[in-house]
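Have a look at the structure below, then the notes.
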Amino acid sequence: MDSKAQYLTQKVTPTHRTIVKVKDVEVGGSSFIVMAGPCSVESKDQLLSIASFVKSNGAQILRGGTFKPRTSPYSFQGLGEEGLKIMYEVGNRIGIPTVTEVLSDSDVSLISDYVDMLQIGARNISNSALLKRVGKTNLPVLLKRGPMTTIAEFLLSAEYILYAGNPNVILCERGIRTFETKTRNTLDISAVPVLQHLTHLPVILDPSHAAGYWEYVSPLSKAALAVGASGILVEVHPNPSCALSDGEQSLKYNTFSTLMKELKILESAMQKLE
Ligand code: PEP
Ligand code: MN
């Protein structure tokens, strides 16, 4: 970054921090926030079941993909507007704020009518038209780092949104591409303290897309809490082998429930360190 410019994402003082509100949930404050749900919204019954399960186990925000950025054009592309309607209804019925990904600037206004936070996916981290467009909305934005994005580039993408007028950005590290092939991506744990040093924006981790395999998601989620992240984004599915996307990395209900209990214990242990 140009060291002379005062960027909007840059800290003004060493303790300067932003709390982003997603409806009444504060991200970047003193609690560790869990955003959980399926990779893709598949049906109303599926989302209702997942939403009530994750909420009753302590998750604060419901995730679910409705417009899916798939590597193959033959893979499930998401339910689109039908999925948005499901998210809206389920979010209201269960009483949990929602987040879904927006793939294109032409979908921003439609999606904004149905959800409480807009997600910019890893593949769109440098789509400046989309960044500028979400910067014109008044919804919070969950901005995911791309697998090839440096921290400096990540911050400049966030800068686009702030510069366009929207100060409510949550940064999400979701794994970067390295030589390692035993995981889908490599979770860059260091990104948390580095970003917290450089910016006042809240930082969360997505262990699901980083790991690619459900077995590694719980340990990485606990690492997220221990390293000082403001929360996690995790994929949960009642029957991962039948999931329409990302089943391999989705937690089953019992694993999610155990993870939530462990996070509570870890969170109180962490409070003793403060
Ligand atoms: C997702 O959250 O389902 C997703 C597609 O994530 P990413 O953009 O990190 O690949
Ligand atoms: Mn996914």
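Under my numbering, the first residue of the sequence shown is numbered 2, with each subsequent residue one higher. Backbone N, C-alpha and C define an ideal beta-carbon position, used for all residues, glycine too. Since the structure is predicted, the reported quantities are computational estimates derived from the model, not experimental observations.
Proximity to LEU221 across PRO203, THR182, LEU264 peaks at LEU264, based on C-alpha coordinates. Ranked by Cα distance from GLU275, the first of SER57, GLY96, ILE112, GLY229 is GLY229. At the C-beta level, ILE51 and GLY38 come within 8 Å of one another. Counting only residues of its own chain and dropping the five nearest sequence neighbours on each side, THR184 has a CB closer than 8 Å to the CB of GLY176, ALA211, ALA212, GLY213, TYR214, TYR217. The three-state secondary structure of LYS145, taken from DSSP, is strand. In the DSSP assignment, THR10 falls outside any beta strand (DSSP E), carrying neither H nor E. CYS173 counts as buried, since at least 16 other C-beta atoms from the protein chains shown sit within 10 angstroms of its C-beta. Judged by their CB atoms, VAL42 and ILE34 are not nearer to each other than the 8 Å cut-off. Closest in C-alpha terms to ARG64, from the list SER110, ILE266, ALA224, ASP207, comes ASP207. In this structure, ligand 1 has a non-hydrogen atom nearer than 7 Å to the beta-carbon of GLY66.
The three-state secondary structure of ILE190, taken from DSSP, is coil. Within the same chain, and ignoring the five residues on either side of VAL103 in sequence, the residues whose Cβ sits closer than 6 Å to its Cβ are VAL109, ILE112, LEU119.
DSSP, read as helix, strand or coil, puts ILE266 in helix. Taking the Cβ of ARG175 as the reference point, at least one heavy atom of ligand 1 falls within a distance shorter than 7 Å. Spanning the alpha carbons of SER251 and PRO239 requires a straight line of approximately 9 Å. For LEU85, the uninterrupted alpha helix (DSSP H) segment begins and ends at 82-95. Each of CYS40, ASP247 has a C-beta closer than 5 Å to some heavy atom of ligand 2; these make up the full list, in chain order. Membership of LEU172 in the beta strand (DSSP E) is indicated by the continuous run 170-174.
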